[in-house]
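Asker: The opening position of the sequence shown corresponds to residue 0 in numbering that gives the first Met the number 0, with each subsequent residue numbered one higher.
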Amino acid sequence: MYAIIETGGKQYMVREGDVLAVEKLNYPEGEVISFDKVLAVSKEDGNVEFGKPYLENVKVNAKVLEHGKGPKIRVFKYKPKKNYRRRQGHRQPYTKVQIEKIIQ
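1. Closer than 8 angstroms by C-beta to Arg-90: which residues in its own chain qualify, once you throw out the five before and the five after it? Chain order, please.
2. Can you have a look at Tyr-83 and say buried or exposed, based on whether 16 or more other CB atoms are within 10 angstroms of its CB?
3. Spatial neighbours of Thr-6 within its chain, please: C-beta separation below 8 angstroms, excluding the five flanking residues on both sides.
4. Whole-angstrom Cβ separation of Leu-19 and Val-96, contact assumed at under 8 angstroms?
5. Which class does Lys-42 belong to by DSSP, given the choice of helix, strand or coil?
6. Since Lys-62 and Val-31 are thought to touch, with beta carbons under 8 angstroms apart, how far apart are those beta carbons, to the nearest angstrom?
7. Using the DSSP secondary-structure output, state which residues sit across from Val-96 in a beta bridge.
8. Smallest Cα separation from Phe-75: which of Tyr-1, Glu-15, Arg-85?
What follows is the structure, encoded as structure tokens:
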């Protein structure tokens with residue numbers, strides 16, 4: 000059984016027990032959170048149910064494992080022959096969650 004959820008402007012296909020890194024969420028580590036924006040869910044008999052746009056009465060519970068930052072990305076801008084150079088770095092924050100239960 001799997002579900003497709005939306006969080007942080009992105010969509011994720013999740014199963015129970017999956018660990019994934021999503022956009023940073025403002026919850027403390029160890030707390031159980033609920034994703035209620037569920038786009039689709041598969042049943043045990045193999046049928047898939049889709050929402051318009053979201054399914055009602057379907058939730059995905061997950062536990063917040065940790066917060067962190069992704070790898071450093073270097074941004075370098077320059078204009079040839081003009082002595083213009085700018086270097087900038089960025090590390091995207093994320094929250095690592097573990098999917099516990101898909102509630103239908």
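All C-beta atoms in this analysis are idealised placements derived from N, C-alpha and C, irrespective of residue type, glycine included.
Answerer: The relevant details are as follows:
1. Lys-68, Gly-69, Pro-70, Lys-71, Ile-72
2. exposed
3. Val-21, Glu-22, Leu-24, Phe-34, Lys-36
4. 6 angstroms
5. Here DSSP, grouped into helix, strand and coil, assigns Lys-42 to coil.
6. 5 angstroms between Cβ atoms; contact.
7. The secondary-structure analysis by DSSP pairs Val-96 across a beta bridge with Leu-19, Val-63.
8. Arg-85
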